[in-house]
Structures are given as C-alpha cells and as structure tokens.
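Report on one structure; see the data block that follows.
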Amino acid sequence: MSMTSLQERVVALFKTALQSVAPGSTQAVVLDKPRQADHGDFASTLALQLAKSLQRPPRELAQALLQALPTSPLIEKVELAGPGFINVYLTAAAKQGVVHDVLSQPQWGAVNLGHQRHIQVEFVSSNPTGPLHVGHGRGAAFGASLCNILAKAGYRVQREYYVNDAGRQMDILALSTWLRYLDLFGSKIPFPPNGYQGDYVAAMAVQLRAALGDSLKRTDMEACAGAPGAILDAAPEDAGAATQNEMHMDRLISNAKSLLGADYAAMHQLVLKEQLADCRADLEEFGVVFDEWFSEQSLFDSGAVAAVVAQLDAGGHLYLQDGARWFRSSAFGDEKDRVVQRENGLFTYFASDIAYHLHKFKRGFSAIVDVWGADHHGYIPRVKAALTALGQDAERLVVPLVQFVSLYRHGEKAQMSTRKGQFVTLRELRTEVGRDAARFFYVLRKSDQHLDFDLDLALSESNDNPVFYVQYAHARICSVLGKWGGDRAVLAHADLSSLATPTEFALMQMLREYPELIESAAREYAPHMVAFYVRELAATLHSYYNAEQFLVADEALKLARLALIAAVASVIKDGLTLLGVGAPNAMHRESIDESV
RNA sequence: GUGCCCGUAGCUCAAUCGGAUAGAGCACCAGCCUUCUAAGCUGGGGGUUACAGGUUCGAUUCCUGUCGGGCAUGCCA
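To convert a position in the first sequence, counted from 1, into the working numbering, add 8.
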C-alpha cells in the first residue's frame with residue numbers, strides 16, 4: 009500500500025489533465041472538500057482560477073480538463089457543475105481502503121509537515137508567586153495539546169517553561185511570607201494590600217518557621233523602619249495611594265534584605281522552590297509536562313543580560329535619556345522606544361527577555377513558539393524589534409495569543425486577583441470536574457476567543473460536558489468488540505466491500521480526512537480543530553450505532569462493520585490523546601452516580 | 001486619543017487558500033429502549049453573518065469607514 013494519500017493521487021490526475029489543456033501552466037492544483045454530498049468527494053475550482061489568465065470561459069475550460077483527465081480505478085465519475093466546478097466521485101473501493109490504512113498504521117494521521125525539524129514551544133510560564141488559576145489552565149491545555157499536535161505533524165518539539173524567578177514579584181512574595189511568619193510570633197504589622205494574601209502564603213510561613221525556627225524574627229519597629237505606611241482602604245482609582253503603597257512595599261523589602269542578610273536569600277529560595285514544586289505537580293496531574301524549566305535568574309548569573317545589552321549598545325541601538333538606557337525599538341517597527349536599564353541601574357524585565365529570546369534562537373530551533381496571554385500582545389513588536397536589531401530573523405518567532413477566561417458563578421462574572429487570593433485554582437477545577445473534562449473544555453473554542461467558564465455547570469458534573477459524549481462513542485465500540493470477542497487482527501484484513509450505507513461512507517470520509525486535519529491544526533496552531541473533529545466523528549458514530557446492528561449473522565458484513573468501528577475507535581482515541589483526554593473502554597452511569 | 005483582537009441562530013461557538021443551499025451543541029417542539037450501554041438517536045422551527053460601501057465569476061472570509069465589546073498603551077513582571 010502506497011503512503012500517498014487518496015487526495016494526492018487524484019491531484020496527480022488533475023495535474024496531468026492541466027498539462028494537457030494548458031502546457032507549461034504553473035497553476036497550483038488543489039482539491040476542495042465539498043460541503044454537500046451531491047457535489048462529490050472532491051471538487052476542483054481549477055477552471056475558475058485559470059479562466060482569467062487563459063482568456064477562456066470557465067465552463068469550456070472545465071469541459072476540456074474533464075476530458076483530459078486520465079481514467080483511474082479510484083474514480084467513479086466526474087461532473088461539470090455550476091460556473092465551472094469539477095466534481096469528482098470516488099469508487100466505493102477507493103473509499104473503503106481507508107479502513108485498512110487506519111487498522112494497519114497505528115500512527116494514522118501522522119504527517120510530515122515538520123520534516124523532523126526542531127521547534128520549541130514555551131507556555132504557561134506563570135510567575136511562581138502562587139497557585140495556577142483557571143486562566144493559566146487554559147494556556148497549559150492549549151500549549152500541551154499544541155505540542156502533541158506538532159509532534160504528530162512531524163516536528164521534534166521541546167516544551168519549555170520560563171521561570172520568572174528574578175523580579176520584584178518574587179521579592180513581594182518573600183516579603184509577604186515573612187510578614188505572615190512574623191504574625192506567628194505576634195507581630196502587629198498591618199498586611200499591605202499589594203502583598204500576596206492567599207492562604208498558601210501563611211502555609212509557607214509555617215514551613216519557614218519549621219525550617220528556620222525563630223531566627224528570622226525581628227521587631228515590628230525594625231521591619232517597618234522608614235516605611236511610609238500602607239493605605240489599607242484606598243480606592244482602586246486612587247493613584248496617589250497606589251504609589252505610596254508601592255513605596256511602602258519597596259521599603260519593607262529593603263528592610264527585610266538588610267535585617268536578614270543571607271537568611272533573606274534562603275527565605276527567597278524556599279518560597280521559590282515551594283511554588284515551583286507545587287506548580288510542577290499541579291501541571292503533571294493535568295497531563296502537562298515540560299522538558300525544560302528555564303530560569304530567568306540564570307541569565308543574570310551568567311552575564312547574558314549584561315552581554316546582550318552591551319551587544320545592542322555596540323550596534324548603536326541604545327541611548328541614554330533621563331538617566332535610563334533606552335533601546336531604539338521604534339526603528340524596528342515598535343511604536344515607541346523602551347527602557348532596558350533603569351535609572352537605578354537595574355535591568356528591566358524586557359532586557360532579560362531579550363537575552364532569553366536570543367538564547368532561544370541560538371539553540372538552533374527552526375521555529376520558536378511563545379504562547380502568551382492576549383494581554384501581552386503589545387509586547388510582541390518590541391521583542392521582535394530586539395531580535396531584528398541583534399541580527400536574527402524575527403519571523404522565526406511565532407506568538408499565538410490565548411484570551412482570558414472569564415469565570416461565571418451563580419450567573420455572575422467572578423473577579424479574579426492573584427494578589428487578593430480571590431480566584432479559583434486549576435487544582436480546584438481539576439478536583440471538581442476531572443482532568444478530562446477540563447482539558448477538553450479548554451480547547452473547545454478558538455484560543456483567541458474569550459472563554460466563558462461557567463463554574464456552576466463545570467462543577468456540577470453535568471452531562472453537558474461534551475467530553476463524555478466523545479468518550480462514550482469510544483466506550484460503545486469497545487463494548488461491541490468485547491461482545492464479539494474475536495481476534496482484532498482479523499479485522500485488518502476484512503473484506504470491506506459490503507460497507508455501503510451513507511453513514512458508513514461518512515465515517516470512512518472522516519477517517520480519510522484525519523491526516524489533513526492534523527496538518528491544518530498544526531499549521532494554524534489550532535488544537536480546537538481536533539476537539540471539533542473528534543466530537544463530529546463521535547456524533548457520526550452514535551448515529552451509525554443507532555441505525556445499524558453490528559453483530560449480524562452475515563459474517564462478511566459483520567467483520568466489515570467491526571473493522572470500520574475499530575478504525576473509528578482508534579482515531580477517536582488518538583485525537584483524545586492529543587488533547588490530553590483519556591479514552592476509557594467502558595463508561596457506566598451507575599459509577600458516575602456513586603462517585604457524586 | 002492611538003494600536004491589536006473580536007462582532008455569525010434566543011444562548012455558547014464552528015465554518016478549509018475567497019467557493020456552490022452559513023453548520024453544531026444548549027434551549028424549545030414531536031417521536032425512538034423486548035435489540036451490541038438512551039451519557040444515545042430521528043425529525044422540526046429558528047439567520048439581512050453588527051451596519052454602509054468597495055474589490056470579482058463568487059465575500060462570514062480581503063480592503064475602507066461607522067457603531068458596539070475586550071485588551072494594551074509602566075524605568076511592573
């Protein structure tokens with residue numbers, strides 16, 4: 009059996025016809041999949057596309073192409089339709105062959121879009137300052153599914169998490185933990201409103217005390233020395249209060265650093281390690297694993313950040329203004345210039361991000377994919393500007409954006425704030441609705457669309473979760489094959505000529521299109537296409553299940569039908585696996601009810 | 001103000017490179033279990049694809065404008 013797809017073989021026939029009608033033509037030959045069954049299995053718009061350049065009526069061209077098309081055992085008939093469409097009808101045998109293909113090729117659907125090139129996908133990359141929430145979950149589900157799809161499309165994929173362990177946010181977390189620690193010894197310091205207020209901070213304070221005893225204890229007066237004091241009940245729009253609170257926080261942090269010395273670093277390390285371990289475990293339980301956890305701090309430690317700034321400076325891309333060092337990003341398409349080194353001498357997050365991306369590019373990937381939250385979209389031009397200034401091909405960087413998740417509870421939108429600890433965590437979501445439902449739900453809409461996550465629906469173990477529908481289709485097939493009890497290896501050689509109902513042809517067509525679906529989903533970074541595909545395949549299977557009996561007396565018909573549904577089960581399982589969703593062999597309503 | 005994204009059935013969303021009569025789910029209405037799992041199936045009503053122009057054989061798709069929504073617009077990360 010040739011690995012060349014049915015579609016490619018038909019395209020070859022059209023190319024022959026094209027050279028006969030228009031010798032030397034470079035017109036690309038592409039076949040469409042008609043939406044309507046009575047428009048055939050494939051449709052060509054070749055004549056419509058050629059009409060203008062050849063100065064001939066499209067229908068006349070279509071007639072010529074039709075007559076020049078070589079005869080083939082694949083083709084039942086060819087028709088001219090409408091303004092110049094050419095509709096191709098395949099023979100039953102050509103359509104039935106896909107069942108053998110699926111059953112004999114465990115990797116059915118794999119394509120060679122990537123040519124085994126290396127590609128890196130960075131995703132999640134949440135600040136390790138607290139538990140992942142349901143918004144991060146979407147990035148995790150999207151990124152992990154995308155990686156699986158890219159791998160099936162012939163790429164070698166490296167999954168990376170960028171750890172922002174170097175910034176002020178980590179200091180705020182460490183300081184927040186210290187304040188909770190001091191609380192344990194009777195401190196009366198009011199907790200600042202811009203600190204991290206989640207319960208996990210207090211839990212880390214207890215750990216801190218267990219690890220280091222009272223060695224970090226200081227008086228309230230020492231801890232707050234020189235701080236302006238926090239404004240606890242400031243309105244959100246009060247800019248003056250916000251500024252004072254930030255100044256207060258900065259003073260508390262610098263106090264802690266000078267009071268604790270080396271112990272501050274130890275505390276910083278402890279909270280970082282704790283948060284990373286929690287994050288990693290959370291993601292692993294979600295079926296999301298990374299090959300590399302890349303430390304931002306390591307870029308400072310190795311001197312890479314200073315080096316990349318020096319390189320930009322040497323290239324004449326930097327200038328000094330108001331005491332800060334600016335990158336002339338507006339010269340490379342950004343809307344304004346950006347600071348890389350602050351007035352106080354510290355490098356900005358942007359500076360380390362430039363170093364990070366340069367490091368990525370030097371690692372030799374054919375493409376770099378950054379999965380970002382859509383709120384970061386304005387950040388893309390400056391990163392690409394920096395890469396261009398450094399002599400890199402910024403086109404190698406692709407940034408799919410994932411829109412935020414809006415939570416709805418009791419019909420009302422729930423506000424989320426990591427700082428205030430008012431959020432639903434990914435872990436809570438997984439616990440309530442299960443990994444499968446959460447993974448599937450997340451990729452059931454395009455990533456650049458807002459996702460309204462109805463907690464009441466998701467938390468209610470409702471049957472509305474479409475994942476059950478797909479899993480049920482798989483389980484039904486397993487049930488039938490189990491009842492049959494025969495050797496499945498026999499099915500790969502079954503005579504398929506008795507498969508002839510419209511539903512059977514619909515199923516075979518969907519199986520045939522699976523490789524094209526993988527290629528499209530990979531090219532467009534669109535895991536939702538896989539989710540929609542498996543749902544539709546399941547729907548067709550359910551329809552088939554209700555319309556026909558599989559375990560019939562006619563042995564040839566029985567084996568043909570079993571071969572078909574076995575192939576369907578294989579593809580459903582493959583698609584669900586790409587999305588990180590399980591494909592159980594059995595589902596029982598009773599067991600669900602008992603688990604509630 | 002400026003930039004990016006979005007606007008499709010009552011609701012939530014699809015729609016291949018610009019293709020033929022814009023599709024699913026939920027909700028609503030009417031049916032299907034003596035049969036391999038009814039977490040299922042069959043049928044039905046539902047649309048000026050926000051609006052107005054333009055490009056062409058053909059526009060939900062591309063371009064311009066208007067209206068509406070989201071995000072961004074830090075020497076935060």
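Glycine included, every Cβ here is placed at the ideal spot set by N, Cα and C.
Membership of residue 126 in the beta strand (DSSP E) is indicated by the continuous run 126–130. Secondary structure at residue 378: strand, using DSSP grouped into helix, strand and coil. Under the DSSP definition of a beta bridge, residue 20 lacks any partner. Listed in chain order, the non-local C-beta contacts of residue 209 below 7 Å within the same chain comprise 184, 185 and 188, local neighbours out to five positions each way being set aside. Note on residue 114: under 16 other CB atoms within 10 angstroms of its CB, so exposed under the neighbour-count rule.
A distance of 8 Å or more separates the beta carbons of residue 58 and residue 74. Looking from the CA of residue 389, the closest CA among 342, 307 and 408 belongs to 342. Judged by DSSP secondary structure, residue 578 falls within the alpha helix (DSSP H) whose first and last residues are 563–586.
Residue pairing of residue 303 in beta bridges, as defined by DSSP: 171. For the pair residue 328 and residue 475, the Cα-to-Cα distance works out to about 56 Å. Of the residues 436, 175 and 460, the one whose Cα lies closest to the Cα of residue 357 is 175. Residue 87 has 95 as its beta-bridge partners, per DSSP. In terms of Cα proximity to residue 80, the closest of 459, 41 and 19 is 19. A check of alpha carbon separations from residue 496 across 376, 31 and 572 identifies 572 as the nearest. By the Cβ test, the segment 129–147 is in contact with the segment 444–462, since at least three Cβ pairs between them sit closer than 8 Å.
Put simply, the backbone Cα of residue 552 is about 31 Å away from that of residue 38. In the displayed model, residue 164 falls within a strand according to three-state DSSP. Between the beta-carbon of residue 397 and that of residue 320 there is about 6 Å, and that keeps the pair under the 8 Å contact cut. Per DSSP, reduced to three states, the secondary structure at residue 508 is coil, with no helix or strand assignment. Your pair residue 117 and residue 582 checks out as a contact, with CB atoms roughly 6 Å apart and the cut at 8 Å. In its chain, beyond the 5 residues on either side, 136, 280, 303, 304 and 305 have a beta carbon closer than 7 Å to the beta carbon of residue 173. Within its own chain, the residues whose Cβ lies closer than 8 Å to the Cβ of residue 516, once the five positions on either side in sequence are excluded, are 103, 104, 106, 107, 507 and 572, listed in chain order.
Per DSSP, residue 349 lies in no alpha helix (DSSP H); the unbroken beta strand (DSSP E) holding it starts and ends at 346–349. Secondary structure note for residue 52: its beta strand (DSSP E) is the uninterrupted segment 50–52. Beyond the five residues adjoining it in sequence on each side, residue 435 comes within less than 6 Å, by CB distance, of 290 in the same chain, given in chain order. For residue 406, the pairing in a beta bridge is given by DSSP as 377.
Residue state for residue 238 is assigned as coil, using DSSP reduced to three classes. At a cut-off of 3 residues, the continuous stretches assigned as beta strand (DSSP E) that sit fully inside the segment 276–347 are 300–303, 326–329 and 332–335. At a Cβ-Cβ threshold of 8 Å, residue 168 and residue 298 count as neighbours. Put simply, of 369, 530 and 509 the residue whose alpha carbon is nearest the alpha carbon of residue 557 is 509. Annotation for residue 462: the continuous beta strand (DSSP E) segment containing it runs 459–462.
With contacts defined as CB atoms closer than 8 Å, residue 365 and residue 391 qualify as a contacting pair. The beta carbon of residue 275 lies closer than 6 Å to those of 182 in the same chain, with the five residues before and after it left out. The distance from the Cβ of residue 410 to that of residue 379 is about 6 Å, consistent with a contact at the 8 Å cut-off. Distance from the CA of residue 317 to the CA of residue 416, rounded to the nearest whole angstrom, comes to 45 Å. The three-state secondary structure of residue 439, taken from DSSP, is helix.
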